Amino acid sequence: MSSQKIYFFSLILLLTACASKNSLQRFGFRGETMGTNYTVIYYAKDEQADLKAGVDSLLVAVNKEVSNWDPTSTVSQFNQSEAGIDARGKTHFLVNYDLARSAWAATDGAFEPTIMPLVNYYGFGYGPKELEGGIDTLLVTELMASMGMDSIARDGDYLRKSKKSIQLDLGGSAKGYGVDAVAEYLSTRGIEAHYVEIGGEARGTARKPDGPWTVGVNLPEEGAAFTDIVEVIPLENRSVATSGNYRNYYEEGGQTYSHTINPKTGFPERNRLLSASVLAPDCGTADAFATACMVLGPDEAAELIESRPELEGYFLIRGEDGELEVWSSAGMEMME
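Reminder that position 137 of the sequence shown reads as 137 in the numbering used here, one-by-one numbering, no gaps.
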């Protein structure tokens, strides 16, 4: 072989080796958190072996501040207090509180962070289910009187309550916040292209090498498999959260009780909106507004999404004839 051919052959090998070295590879891992599972997928030149340990540690810290199921968590300490707590240094708790209060104000109370007494009453919280022989409407009225974001005031890092009965439930946005916290952690580690999902709430950042991240919207039917997908939504520097009543419910005494509770009526909400997927720049906001949409129902929820340019929505609705109907905001078509 001539020296010229050897030179070109060596150059090709060198360029191939450089391309291989510089190309991004796919890595990922899974774990458990917040009573569900999480998934992290990322693209990088080399695997970072300590990422899972860092993510697990972060999620433990988040739960230690926002979990109602941990009696020693920051939110539990607030709920057990008579007048509030000093939350200095409890960043996860305070950010979640601010997010919840903002969503409460933006949805005119459809997203209600002080709904914990009703959540417990219907058996979806940390306390024992109190339903015996049907709904006690008088007790429901009393529990509603023990709620109200107006009874909480933030004074710096102090969170004060004017009624001892006030209890916070940050579960309506906590999973979304957890997604955001993990995504920000990955970014600090130099991981640009990553996807984070916790219990169905997801965030996708920069494009992966073969295109945008995607997430599927499940068929909203009781008993439907997780692989029954109605729509695939692309995510590029966006987050999505989906709320629905078709999985988290129970039956008792011939009645069906869903986990979506209307804070205005005090009763589980069952309207024609079967599934609400909300897209937002951050997953905590998407999570909170998806919850609010299920309370509002299809018409008011559509008005809410259309009134906020930073949000997009994809709703699955039970039609008058029982058939499945779809509503999506204008920006959804531009994302396809």
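Glycine included, each C-beta is placed from N, C-alpha and C at the ideal position.
Computed from a predicted structure; not experimentally measured.
Neighbourhood of residue i by C-beta distance below 8 angstroms, restricted to the same chain and skipping five residues each side
i	result
I317	R272, L273, L274, P298, L324, E325, V326, W327
L99	S173, Y177, G284, T285, A288
G28	T39, V40, I41, Y42
Option nearest residue i by Cα separation, candidates the options
i	options	result
R308	S187, T285, M294	T285
W104	A330, A288, K64	A288
V66	H92, T137, S102, D46	H92
V60	V182, D157, E47	V182
K64	N120, S73, A110, V140	S73
L279	Y195, M332, V119, F111	M332
E269	L304, G31, Y122, N68	Y122
G322	D228, L304, E221, S329	E221
D70	T188, G54, Y126, A110	Y126
D86	G156, G216, T227, R101	G156
Span of the beta strand (DSSP E) around residue i
i	result
G54	From DSSP, G54 is part of no beta strand (DSSP E) but of the alpha helix (DSSP H) over 51 to 66.
R160	158 to 161
W375	No statement about residue 375 is possible, as the shown extent of the chain runs from 1 to 336 and does not include it.
S275	273 to 280
F315	312 to 318
A25	Looking at the sequence provided, one finds Gln at residue 25 rather than Ala. 25 to 33 is the extent of the beta strand (DSSP E) around Q25.
I41	36 to 44
Terminal residues of the alpha helix (DSSP H) in which residue i lies
i	result
A241	Not the alpha helix (DSSP H): A241 falls in the beta strand (DSSP E), residues 238 to 244.
A288	283 to 296
T74	74 to 80
With 16 other Cβ atoms within 10 Å as the buried cut-off, status of residue i
i	result
F8	A caution first: F8 carries a pLDDT of 33, below 50, which makes its placement in the model too unreliable to give a value.
L51	buried
N79	buried
I355	The chain is shown from 1 up to 336; residue 355 falls before or after that span and cannot be answered.
G171	buried
N120	buried
P209	exposed
Own chain residues within Cβ distance below 7 angstroms of residue i, not counting five before or after
i	result
E82	K164
G319	E325
G200	T242
Other residues of its chain near residue i: CB distance less than 6 angstroms, five sequence neighbours each side excluded
i	result
C293	A276, A301
S243	A276, A290, T291, M294
H194	Y42, L186, T205
F84	The displayed chain sequence assigns Gly, not Phe, to residue 84. Contacts found: L159, R160, K161.
N262	E269, V295
V196	V40, V179, V182, A183, R203
Length at least 3, wholly inside the region 82 to 127: the beta strand (DSSP E) runs in chain order: 84 to 86
Runs of alpha helix (DSSP H) lying entirely within the region 144 to 228, each at least 4 residues, in chain order: 171 to 188
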